[in-house]
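Undergrad:
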Amino acid sequence: MQQQAWKLLSWCGISFLIPQKWSVGKIQGDETEGSLRIDDPLAERIQLIWKETPPGQIAKFVDRHIHQVEKQARKKKLQISVKRDLKYQVSKKLEGEFFYWKADSQAYNFCLQTGGKRNRVLFLRILGNSDEDLEPKALRITSSLKVERDSPRCRWAIFGLDVTLSREFHLDGCNLLAGHVRLNFSAEDQRLQINKFSLGQIVLEKQSLENWVLQRFKPELEGFKLTVEEKQIYKHQGLAIQGEKKGLLSWHLKKNKICLYTWFCPEANNILVVLDGYKKLCSIKKVVDNVLCH
Numbered sequence: 010m011q012q013q014a015w016k017l018l019s020w021c022g023i024s025f026l027i028p029q030k031w032s033v034g035k036i037q038g039d040e041t042e043g044s045l046r047i048d049d050p051l052a053e054r055i056q057l058i059w060k061e062t063p064p065g066q067i068a069k070f071v072d073r074h075i076h077q078v079e080k081q082a083r084k085k086k087l088q089i090s091v092k093r094d095l096k097y098q099v100s101k102k103l104e105g106e107f108f109y110w111k112a113d114s115q116a117y118n119f120c121l122q123t124g125g126k127r128n129r130v131l132f133l134r135i136l137g138n139s140d141e142d143l144e145p146k147a148l149r150i151t152s153s154l155k156v157e158r159d160s161p162r163c164r165w166a167i168f169g170l171d172v173t174l175s176r177e178f179h180l181d182g183c184n185l186l187a188g189h190v191r192l193n194f195s196a197e198d199q200r201l202q203i204n205k206f207s208l209g210q211i212v213l214e215k216q217s218l219e220n221w222v223l224q225r226f227k228p229e230l231e232g233f234k235l236t237v238e239e240k241q242i243y244k245h246q247g248l249a250i251q252g253e254k255k256g257l258l259s260w261h262l263k264k265n266k267i268c269l270y271t272w273f274c275p276e277a278n279n280i281l282v283v284l285d286g287y288k289k290l291c292s293i294k295k296v297v298d299n300v301l302c303h
């Protein structure tokens with residue numbers, strides 16, 4: 010039997026492995042409070058919820074969830090089996106409970122308190138059909154779970170885009186489409202945008218990388234006096250584009266300078282574009298150095 014491939018998902022300081030064919034179906038919220046859903050090609054497979062919460066809340070969260078599940082089973086006149094306090098292989102620094110229930114479907118559930126300055130409660134549910142051998146997947150996922158509590162850096166890995174940033178950058182928004190993944194961040198006077206475009210070879214068949222990026226990012230680059238320089242990035246042919254706002258009053262603007270790095274990674278067949286709009290401090294070289302392109 011062929012061994013199943015796995016990939017890393019990392020979001021808002023929470024990371025774990027998921028099967029290669031599973032993907033994010035929905036994301037809401039920010040680092041303080043939010044949720045995400047992961048689907049396979051047919052059904053929902055993982056629910057993750059996080060929320061800043063005072064310590065000592067784990068038992069209350071677990072009791073409430075089990076009560077709801079048992080109530081739903083009674084309404085459907087189903088038998089339900091619940092197993093609590095299962096052993097788990099996550100850092101002992103994380104207080105939590107690993108438990109399981111089974112009715113017409115089944116779920117392995119991990120509820121934990123992260124501690125640290127943010128001190129969030131995380132609720133991770135791995136879902137499956139009642140006749141599925143779910144335990145191996147659930148143990149692989151939960152044992153890979155990591156939480157960046159007070160780390161000065163945060164990793165973001167989703168849909169093939171993988172970057173580690175300083176904690177000073179806060180997520181402002183995202184675009185998560187199959188062909189284009191974009192993450193937006195801000196920090197003081199900086200506005201950072203990190204992009205991954207799929208099928209790069211097809212995109213660049215009839216045009217150069219320079220022509221493509223200048224056209225694709227025309228709205229972001231408009232109004233800047235630009236200089237374009239060829240640059241090797243991760244041993245790939247790339248470009249560095251610098252720009253300053255035109256006009257006598259441009260120094261009044263919050264973002265009067267811009268820097269864009271782009272390169273094509275043939276191994277992953279992706280085009281990467283990192284854009285930093287700033288006034289004084291530019292972090293684009295540090296950011297690019299921490300993008301994993303293949």
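Quick note: the sequence shown uses my numbering, first residue 10, plus one each step.
For each residue, glycine too, the CB sits at the ideal point set by N, CA and C.
(1) If you reduce the DSSP assignment to three classes, tell me which class residue 123 lands in.
(2) Taking the alpha helix (DSSP H) that residue 1 falls in, what are its first and last residues?
(3) Identify whether residue 143 lies in helix, strand or coil by the three-state DSSP scheme.
(4) Assuming the contact rule is C-beta atoms closer than 8 angstroms, residue 302 and residue 281 should be a hit. Round their C-beta distance to whole Å, please.
(5) Any idea what DSSP makes of residue 161, helix, strand or coil?
(6) With DSSP run on the structure shown, which of helix, strand or coil describes residue 233?
(7) From the DSSP output, which residues share a beta bridge with residue 19?
(8) Does residue 62 come out as helix, strand or coil in the three-state DSSP assignment?
(9) With three or more beta-carbon pairs closer than 8 angstroms as the criterion, would you say the segment 15 to 33 touches the segment 86 to 106?
(10) Looking at residue 267: is its Cβ nearer than 8 angstroms to the Cβ of residue 247?
(11) Could you say which of 126, 254, 200 lies nearest to residue 236 if we only look at CA atoms?
(12) Are the segment 83 to 97 and the segment 110 to 120 touching, with three or more C-beta to C-beta distances below 8 angstroms?
(13) For residue 234 and residue 57, I'd like the C-alpha separation in whole angstroms.
(14) Which residues in the same chain as residue 133 place their Cβ atom closer than 6 angstroms to its Cβ, once the five residues preceding and following it in sequence are excluded?
(15) Between residue 205 and the rest of its own chain, which residues show a CB-CB distance below 7 angstroms, the 5 nearest in sequence each way excluded?
(16) May I ask you to report which of helix, strand or coil DSSP gives residue 113?
(17) What does DSSP give as the partner residue(s) for residue 272 in the beta ladder?
(18) Specify whether the segment 36 to 48 and the segment 13 to 21 touch according to this definition: at least 3 beta carbon pairs, one from each stretch, less than 8 angstroms apart.
(19) In terms of DSSP beta bridges, what is residue 107 paired with?
(20) When DSSP labels each residue in this structure, what does residue 69 get in the three-state scheme?
(21) Could you give the distance in angstroms between the alpha-carbon of residue 271 and the alpha-carbon of residue 229?
(22) Looking at the structure shown, is residue 82 part of a helix, part of a strand, or coil, going by DSSP?
(23) Is residue 41 helix, strand or coil by DSSP?
TA: On the basis of the coordinates in this document:
(1) coil
(2) Residue 1 is absent from the model: the chain starts at 10 and stops at 303.
(3) coil
(4) 6 angstroms
(5) Residue 161 falls in the coil class under three-state DSSP.
(6) strand
(7) Residue 19 has 24, 166 as its beta-bridge partners, per DSSP.
(8) coil
(9) Verdict: no, contact absent.
(10) no
(11) 254
(12) yes
(13) 45 angstroms
(14) 57, 119
(15) 169, 170, 190, 279, 281
(16) coil
(17) As a beta-bridge residue in DSSP terms, residue 272 pairs with 247, 281.
(18) Contact holds: three or more Cβ-Cβ distances are below 8 angstroms.
(19) 95, 119
(20) helix
(21) 14 angstroms
(22) helix
(23) coil
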